[in-house]
Amino acid sequence: MSSTTTFQLLTADGRALKAVLKKHKARRKRKAFLLVTPLLAFVIVGFCLPILDMLRRSTNNHIVEKTLPRTVLALKEWDAGGTTLPNEPAFASLAQDLVIAQHHRRATQLGQRLNYEFSGLASLFRRSGRHMEELVNEVRSTRGSYKETLIAFDARWGETDSWRVLKRFSDTLVADYYWAALDMRRDLRSNEVSLRPSKERIYLRLFGRTVVISLGITLATLLLGFPLALWIARLPSGQGNLLLVMVLLPFWTSLLVRTTSWIVLLQQQGVINDLLVAVGILSEEGRLRMIYNTTGTVIAMTHILLPFMVLPLYSVMKTISPSYMRAAVSLGAHPISAFWKVYFPSTVPGIGAGAIMVFILSIGYYITPELVGGRTGVFISNRIAYHISSSLNWGLAAALGVALLGFVIAIYWLYDKIVGIDNIRLG
Amino acid sequence: MAFFPPHLSLIERSWYVGFRLICVSVLIFLLVPILVIVPLSFNALPYFTFTPEMLAFDPKGYSLQWYREFFTDPNWQGAVRNSVFIALCSTFIAMALGTLAALGLSHADMPARSLVMGLLISPMIVPLIISAVGMFFFYSRLGLQGTHLAVILAHAALGTPFVVITVTATLVGFDLTLLRAAASLGATPTRAFFKVTLPIIFPGVMSGALFAFITSFDEVVVVLFVGSFRQRTIPWKMFSGIREHISPTILAVATCLILVSILLLVSLELLRRRSERMRGISRH
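Chains as they are written, first to last, in this note's numbering: chain A, 5 to 431; chain B, -6 to 277.
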């Protein structure tokens, strides 16, 4: 031991062993990292960047500054908290900006964007954009005032609130999509953020519903999956493997196939209703509505996510020795209390892993709720898709997406604490 | 139950029976959607329920018309071609990059291992709708929205975590002396990789590739956002079919997809056994 402090170990060619080893280790590190680099670069560019782009879009607000650059400058001095209208130069800049914007067909677009924040602005901008050139010519020929002409053209230009919106959204970085995503509103005058009245809260309610339905699905998969996993784990391995294949088959079957089959089974003219009518349990008029509502979403998603619960439960149960239960019973415990006090606690890691997995998957589900959820059984993801493809409010879609992502990451962090990322296994 | 003593009381006996009943019903719940869709796909009438002729096993109640439609309709055939092409390309990218990365990650000297691992498997954790929205913004900005390339790259990103995880799992317990032996016998590192490492990790690579393949083959959210009609895949067609007018052709397609999944399941099971055997040998 002490020799290392007094002598320096040398390699065959006379170099210090320590330095050679260090160099060698650094080279191996580099080699390992080089092997990972292509994929790391691919994932960062092809996956992380798009997510960051979404993050940027959720706060990005360049449209006012780009479309009305002179107006933004002119409004710098104006006090949005007061009650006076901006001065003549601001009106003149707006008129100039709008003529150019109309030329590039951007006035309507801007109006649509601002309409998300203050309804009525879409029509104001559309109308003003269309007529601004005439108005400017009129002011020039009569040497009149832009302020008076614009207010005479549309009284909304005489309202301070319209100008407040313009001034507010002159900022290029705004949190307003997030306020909207959380059903909050920023007062135009005082800048105070407050919750909308409960009737107008769409997104908080939708987030709440997504979480509640997801919890219900998680509970349902646990209740159905636990006995099944227990049974399979207790069977001799030949039969157990056969049953496991039966669990894996739906797991490997296309998501759309399974959703289609639930539509076929549950719809009002479907297999289950027909069967119940044929047996005489239901009358022809009393056919159950089991799909295109919350029930449909819960049934179909419980089925789709059940394997994600059974597989981790099974792998944990497989490792619990049956002799523990026998020992407890031989020591006088009632089988039920032996099960509850000895067997059940050892399955908790499996329950945790399965439940968090099912919950994470469920909360971001889109396809199944979209197809079987009707109006009441849809999730926050369906709303995100709606804003992307129908309402075209991309900023709000991005903000909702980021909020959902934050939630999932928080649960995932919990998963890592409980189960550990390295313990993710497949099949 | 095996862990109850043999002298069972009546309550215990009924519990024994009741427990099995519960389990069997859960199994039926799991399998019934698949079992129902297969016979219905042979329905002679465009209904989604069993007709009296079908229940009487009358041959007139059955027909192959929906299969004929699936195999002759150019629209569906285009979807099949797109699905296979996109899945094969994205699987190839995922397999190549994922295997390399797994080799690096299994090195004892890999720096910042858990951070890198977290980044690499993030496509598996982030909800699909968020990945799809992000990629939609990203590929629109690059002008690639609505191209095969965008869908392939997006699917490859979604598939890589599976390859990384399965290959890393096969590399656990990989005997490094084998590589040293190869080197001492004069093999270059490349030759040693192809002659020694690859045959051993091959089952892991293949099962990762199967996971990547099915991820792409079954994926619809990203295709909906990043792709367009020209990139329509089988799930894309099924999704729009269910939303607009559901035709029994979808049931025929679904039955074909069930066959595909059975094939995949069997191949995975064979690969798993092979992997256990190979690694069993390498341990001695």
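Beta carbons are placed, not taken as given, at the ideal position from N, Cα and C, and that holds for glycine.
Q.
I want to know whether the stretch 315 to 322 of chain A touches the stretch 236 to 243 of chain A - three or more CB-CB distances under 8 Å.
A. yes
**Q.** Contacts of PRO54(A) in chain B (Cβ-Cβ under 7 Å)
**A.** Counted from its first residue, the first sequence places residue 54(A) at position 50. In chain order: GLY127, MET128, PHE130 and PHE131.
**Q.** Any chain B beta carbon closer than 8 Å to VAL320(A)
**A.** Indexing the first sequence from 1 puts residue 320(A) at position 316. Chain B, which has no Cβ nearer than 8 Å to the Cβ of VAL320(A), makes this no.
(Q) I'd like to confirm the pairing. Which residues does DSSP put opposite TYR328(A) in its beta bridges? (A) Mapped onto the first sequence, residue 328(A) falls at position 324. TYR328(A) is not bridged to any residue.
Q: Give a yes or no on contact between the stretch 57 to 77 of chain A and the stretch 170 to 185 of chain A, applying the rule of three or more CB pairs nearer than 8 Å.
A: yes
(Q) For LEU310(A) and THR225(A), which I take to be in contact (beta-carbon distance under 8 Å), what is that distance rounded to the nearest angstrom? (A) Position 306 of the first sequence, counted from the first residue, corresponds to residue 310(A). Position 221 of the first sequence, counted from the first residue, corresponds to residue 225(A). 5 Å between Cβ atoms; contact.
Q: Could you tell me which residues DSSP pairs with SER198(A) in its beta bridges?
A: Along the first sequence, read from residue 1 onward, the residue named residue 198(A) stands at position 194. Partner(s): ARG189(A).
Q. My guess is that PHE22(B) and LEU228(A) are in contact by the Cβ rule of under 8 Å, so how many angstroms apart are they, rounded?
A. Here the question's residue 22(B) lines up with position 29 in the second sequence. Here the question's residue 228(A) lines up with position 224 in the first sequence. With 8 Å as the limit, PHE22(B) and LEU228(A) qualify as a contact, their Cβ atoms being about 7 Å apart.
Q. Name the DSSP bridge partner or partners of TYR55(B)?
A. Stepping through the second sequence from its first residue, residue 55(B) is reached at position 62. According to DSSP, which records beta bridges pairwise, TYR55(B) is partnered with ASN36(B).
(Q) What would DSSP say about ALA414(A), mapped onto helix, strand or coil? (A) What you label residue 414(A) is simply residue 410 of the first sequence in a count that begins at 1. It is helical.
Q) Does ARG6(B) get closer than 8 Å to chain A when you measure Cβ to Cβ? A) The residue labelled residue 6(B) in the question sits at position 13 within the second sequence. Taking Cβ atoms only, chain A never reaches closer than 8 Å to ARG6(B), which makes this a no.
Q) What are the residues that DSSP puts in a beta bridge with ASN64(A)? A) Within the first sequence, residue 64(A) is the residue found at index 60, counting from 1. In DSSP, ASN64(A) forms a bridge with LEU177(A).
Q: Give me the Cβ distance between LEU113(B) and LEU43(A), rounded to the nearest whole Å; I'm assuming they're in contact under 8 Å.
A: Taking the second sequence and counting its residues from 1, the one referred to as residue 113(B) is at position 120. Taking the first sequence and counting its residues from 1, the one referred to as residue 43(A) is at position 39. Going by Cβ atoms, the distance from LEU113(B) to LEU43(A) rounds to 6 Å, so yes, they are a contact pair.
Q. What are the boundary residues of the alpha helix (DSSP H) that SER127(A) is part of?
A. Locating residue 127(A) in the first sequence gives position 123, counting from the first residue. First-last of the alpha helix (DSSP H) with SER127(A): 125 to 146.
Q: Starting from ARG225(B), follow the alpha helix (DSSP H) in both directions and report where the run begins and ends.
A: Taking the second sequence and counting its residues from 1, one reaches residue 225(B) at position 232. ARG225(B) -> no alpha helix (DSSP H), and no H or E assigned at all.
Q) Going along chain A in order, which residues have a C-beta closer than 8 Å to the C-beta of PHE116(B)? A) Counting from one through the second sequence, the residue named residue 116(B) turns up at place 123. In the sequence under discussion, the amino acid at residue 116(B) is Pro, which differs from the Phe named in the question. Correct list: VAL47 and PHE51.
Q: Return the bridge partner residues of ALA49(B) from the DSSP annotation.
A: Looking up residue 49(B) in the second sequence gives position 56. Paired residues: none, contrary to the question.
Q) Which of the three DSSP states, helix, strand or coil, is assigned to ALA313(B)? A) Lying outside -6 to 277, the shown extent of chain B, residue 313(B) is not represented and no answer is given.
Q) Counting along the chain, where does the alpha helix (DSSP H) carrying GLY336(A) start and finish? A) By 1-based counting over the first sequence, the position of residue 336(A) is 332. Segment: none, GLY336(A) is in no alpha helix (DSSP H) and carries neither H nor E.
Q. Is ALA174(B) helix, strand or coil when you go by DSSP?
A. On the second sequence, residue 174(B) is found 181 positions in, with the first residue counted as 1. The answer is helix: DSSP assigns ALA174(B) an H, G or I state.
Q.
Using DSSP's beta-bridge definition, name the partner residues of ALA20(A).
A. Sequence index remark: in the first sequence, residue 20(A) carries index 16 (1-based). DSSP output for ALA20(A) lists LEU14(A) as bridge partner(s).
**Q.** Members of the stretch 39 to 50 of chain B that neighbour chain A once the beta carbon cut-off is set at 9 Å
**A.** TYR40, PHE41, THR42 and PHE43
Q: Return no unless some Cβ of chain A is closer than 8 Å to the Cβ of SER275(B).
A: On the second sequence, residue 275(B) is found 282 positions in, with the first residue counted as 1. At SER275(B) the pLDDT is 45, less than 50, meaning the model places this residue with poor confidence; the figure from the coordinates comes in the next sentence. No, SER275(B) does not count as interfacial toward chain A.
Q. Rounded to whole angstroms, how far is the Cβ of THR164(A) from the Cβ of LEU89(A), which I believe are closer than 8 Å?
A. By one-based count along the first sequence, residue 164(A) stands at place 160. By one-based count along the first sequence, residue 89(A) stands at place 85. Right, their Cβ atoms sit about 6 Å apart.
(Q) Quick check on this structure: which residue in ILE285(A), GLU374(A), SER265(A) and PRO316(A) has the alpha carbon closest to the alpha carbon of TYR296(A)? (A) In the first sequence, counting from the first residue as 1, residue 296(A) sits at position 292. Closest by alpha carbon: GLU374(A).
Q.
I want to see whether chain A comes within less than 8 Å of CYS82(B), judged by CB atoms only; does it?
A. Numbered from its first residue, the second sequence carries residue 82(B) at position 89. No, because no Cβ of chain A sits closer than 8 Å to the Cβ of CYS82(B).
Q) If you count every other CB in all the chains shown that lies within 10 Å of the CB of LEU135(B), and 16 or more means buried, which is it? A) Here residue 135(B) refers to the residue found at position 142 of the second sequence. Looking at its Cβ environment, which holds fewer than 16 other Cβ atoms inside 10 Å, LEU135(B) is exposed.
**Q.** Coarse secondary structure for TRP398(A), derived from DSSP in three states
**A.** Position 394 of the first sequence holds residue 398(A). DSSP places TRP398(A) in helix when its eight states are reduced to three.
**Q.** C-beta atoms of VAL302(A) and GLY212(A) nearer than 8 Å
**A.** Within the first sequence, residue 302(A) is the residue found at index 298, counting from 1. Within the first sequence, residue 212(A) is the residue found at index 208, counting from 1. Not closer than 8 Å, so no.
**Q.** Interface residues of chain B facing GLN113(A) [CB-CB closer than 9 Å]
**A.** The residue given as residue 113(A) occupies position 109 in the first sequence. By Cβ distance, chain B contributes nothing, its closest Cβ being about 16 Å from GLN113(A), past 9 Å.
Q: Pick helix, strand or coil for VAL160(B), following the three-state DSSP scheme.
A: For the purposes of this step, residue 160(B) is identified with residue 167 of the second sequence, where counting begins at 1. In this structure, VAL160(B) counts as helix in the three-state DSSP scheme.
(Q) For SER99(B) and VAL160(B), I'd like the C-alpha separation in whole angstroms. (A) On the second sequence, position 106 is the one that residue 99(B) refers to. On the second sequence, position 167 is the one that residue 160(B) refers to. Going from the Cα of SER99(B) to the Cα of VAL160(B) covers about 9 Å.
Q.
For ARG223(B) and LEU279(A), I'd like the C-alpha separation in whole angstroms.
A. Here the question's residue 223(B) lines up with position 230 in the second sequence. Here the question's residue 279(A) lines up with position 275 in the first sequence. C-alpha separation (whole angstroms): 41 Å.
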